[in-house]
Amino acid sequence: MDYMADATLLVAPAPAGNRILCCECGIDIEPNPANMCINCLRLQVDITDGIPKQGVLQFCKSCERYLQPPAQWSVASLESRELLAICLKKIRGLNRVRLVDAGFIWTEPHSKRVKVKLSVQKEVLGGAIVEQVFVVEFTVNSLMCDSCHRREAKDFWRALVQCRQKVEHKKTLFYMEQLILKYNAHRDALNIKLVHEGIDFYFAKKDEARKLVQFFQTMIPMKVIESQQLISHDIHSNTFNYKTTFSVDIAPVCKGDVVCLPAPLAKQLGSMNQICVCLRVTSSIHIIDPATLQLAEVPQHLFWKTPFRGLFAPKQLVEYTVMETERVCSGQMTVNDLCLYCTATNRPQVQASNHTAHPSSSSSPDRIIAFRRSASDWRLAAAGVGAAFASAAEPPRRVMPLPPAFAGAFLTALLTPASDNDDDGIDVGGDTSAAAAAAAAAAAASLHQGAPTSSCSS
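See below:
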């Protein structure tokens with residue numbers, strides 16, 4: 001095959017009438033520094049001499065990457081800029097000429113041939129500039145890369161990242177998975193396995209695994225423990241072969257969880273209530289106090305210094321809608337001084353107050369202890385220390401204060417989901433303890449005893 005194409009002699013335009021004869025063949029030509037026509041110049045000079053017209057490309061069929069010398073494998077599609085750059089780097093002698101243009105010549109995809117068309121220039125014979133076009137043909141050879149070769153072998157990995165989150169609903173772990181796909185953080189992983197309570201990432205190099213761990217540290221609250229296992233060593237050259245494992249423990253708090261803050265941490269965050277709700281989880285944990293709507297941020301180092309877990313998941317809570325909040329007394333307001341009218345599907349109406357007098361409708365609400373952040377989120381309703389409930393079929397006409405000893409159990413009963421066949425009362429079964437059921441029963445019995453009656457209608 002003749003790889004030589006047309007050659008062009010680049011000369012400045014000569015004035016009309018100034019013509020000379022070629023010194024070799026004697027034809028009439030325009031003046032140029034070589035005083036030769038282009039045909040004679042091609043016989044005398046070949047500026048592509050020393051540039052190979054054939055080459056070889058190494059291609060891995062497993063990962064579809066090309067070998068970029070000396071040992072780097074790059075992803076490149078056919079007729080792409082990345083593949084053209086790999087081909088040009090494999091052509092020797094281009095540093096002796098000036099590369100003007102380069103492009104692909106179409107070939108069949110299954111032919112395992114890649115043709116590159118090049119245009120080069122060079123100064124010859126007294127300053128004459130010759131431009132020449134030629135074709136370099138590459139043959140694609142199949143070769144398994146080192147990563148794929150280790151993947152097929154046993155114990156191929158050298159670094160392992162174990163991500164674990166010890167909760168029932170792994171929202172934070174799923175969020176981390178979406179971040180990995182978004183930023184392509186797993187591109188260097190040899191293998192990925194889904195295991196109990198997490199994911200394992202296998203790498204050929206320790207630096208690649210450490211890079212993924214650093215990515216996790218900027219996205220989610222976590223702590224990491226690094227350990228090494230000696231595989232082999234050479235006492236003569238003092239070289240050691242280790243397998244490194246990074247154990248990543250993700251904070252056991254997810255978006256929407258009801259959490260109980262430790263007392264020192266709650267005091268450090270501005271003396272907020274210990275019962276809070278997790279708004280979102282990023283590199284820090286963002287929480288909100290449902291009683292005061294106070295926001296706080298718990299950074300990673302502070303969380304692992306005083307860790308806490310979620311008490312309830314969103315699926316364990318009952319959705320309520322706060323219809324009205326009214327002032328029932330003057331002075332400093334507490335949760336016991338609020339009268340709440342709450343409604344929910346197949347749920348009784350709930351009132352919380354320490355007073356039997358009907359609340360004044362002209363007063364403005366002082367505090368909201370039930371909230372809803374967005375249309376797609378759940379709502380939390382708490383009934384406070386003084387609380388009483390009645391059947392949904394009969395609206396409450398008496399408001400009895402609940403003893404403080406039963407307050408926690410009653411709140412647990414409110415937050416416990418109802419069963420499918422319970423349509424006329426608060427369900428105290430399921431995960432609710434026996435103490436919670438007894439407290440709810442005692443509160444219900446107190447409504448039918450000789451307590452003072454008042455006309456507090458909804």
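Using the UniProt record's numbering, you'd call the opening residue of the sequence shown number 1 and step up by one each time. Yeah, the Cβ is synthetic: ideal placement off N, Cα and C, and Gly gets one too.
When the alpha-carbon of serine 62 is set against those of Ile86, Ile250 and Ser142, the nearest one is in Ser142. Using a Cβ distance threshold of 7 Å, glutamate 197 and arginine 164 count as a contacting pair. Counting of Cβ neighbours within 10 angstroms places alanine 209 among the buried residues, the total reaching 16 or more.
A residue is called buried when at least 16 other Cβ atoms come within 10 angstroms of its Cβ; methionine 323 does not meet this threshold and is exposed. At a Cβ-Cβ threshold of 7 Å, glutamine 132 and isoleucine 38 do not count as neighbours. Annotation: phenylalanine 216 is outside any beta strand (DSSP E); the continuous alpha helix (DSSP H) that includes it extends over 206 to 217.
Per DSSP, the continuous alpha helix (DSSP H) segment holding cysteine 87 begins and ends at 81 to 89.
Here the segment 98 to 105 makes contact with the segment 116 to 126; the two share three or more CB pairs at distances below 8 Å. Your pair isoleucine 231 and asparagine 241 checks out as a contact, with CB atoms roughly 4 Å apart and the cut at 8 Å. Around the beta carbon of isoleucine 20, fewer than 16 other beta carbons lie within 10 angstroms, which makes this residue exposed. In the DSSP annotation of this structure, the continuous segment of the alpha helix (DSSP H) that includes threonine 172 starts and ends at 171 to 183. Following the DSSP letters along the chain, one finds serine 142 inside the beta strand (DSSP E) bounded by residues 128 to 142. Between lysine 206 and valine 136 the beta-carbon gap is near 40 Å, outside 8 Å, which marks them as no contact.
By the Cβ test, the segment 221 to 230 is in contact with the segment 245 to 259, since at least three Cβ pairs between them sit closer than 8 Å.
When Phe134, Asp28, Pro31 and Phe303 are compared, the shortest CA-CA separation from valine 97 is found for Phe134. Glutamine 68 is positioned such that its CB atom lies closer than 7 Å to that of serine 74. With contacts defined as CB atoms closer than 7 Å, phenylalanine 303 and isoleucine 285 qualify as a contacting pair. Under the DSSP assignment, cysteine 278 falls outside any alpha helix (DSSP H), being part of the beta strand (DSSP E) whose first and last residues are 275 to 281.
Closest in alpha carbon position to lysine 305, among Cys40, Leu265, Met144 and Phe215, is Leu265. Sorting Pro262, Leu269 and Phe312 by C-alpha distance to the C-alpha of lysine 255 places Phe312 at the top. With distances taken between CA atoms, valine 167 lies nearest to Val253 out of Thr321, Tyr175 and Val253. Residue range 222 to 234 is occupied by the beta strand (DSSP E) that includes glutamine 229, with no alpha helix (DSSP H) assigned at that position. The DSSP-derived three-state label of tryptophan 106 is coil. About 5 Å separates the beta carbons of aspartate 289 and asparagine 273, which is inside the 8 Å limit, making them a contact pair.
Between lysine 243 and glutamine 229, the gap from beta carbon to beta carbon is short of 7 Å. A residue is called buried once 16 or more other Cβ atoms fall within 10 Å of its Cβ, and threonine 321, having fewer, is exposed. Burial check for valine 195: the Cβ neighbour count within 10 Å stays below 16, so the residue is exposed. Secondary structure of glutamine 54 (DSSP, three-state): strand. Apart from the 5 residues on each side of it in sequence, cysteine 60 sits with its Cβ closer than 7 Å to the Cβ of Trp73, Leu143, Met144, Cys145 and Cys148 in its chain, given in chain order. Rounded to whole angstroms, the gap between the alpha carbons of histidine 169 and tyrosine 183 is 24 Å. Beta-bridge analysis with DSSP links tryptophan 73 to Leu67. Beta-carbon to beta-carbon, alanine 128 and asparagine 32 are separated by about 6 Å, close enough to satisfy the 8 Å threshold. Closest by C-alpha distance to threonine 172, out of Lys267, Lys90, Arg65 and Ile199, is Ile199. Close CB contacts of tyrosine 202 within its chain, under the 7 Å cut and outside five residues either way in sequence, are with Trp157, Leu160, Ala189, Leu190 and Asn191 (chain order). For glycine 50, the closest of Ser80, Asn35, Arg92 and Ile27 by C-alpha to C-alpha distance is Arg92.
Around the beta carbon of valine 277, 16 or more other beta carbons lie within 10 angstroms, which makes this residue buried.
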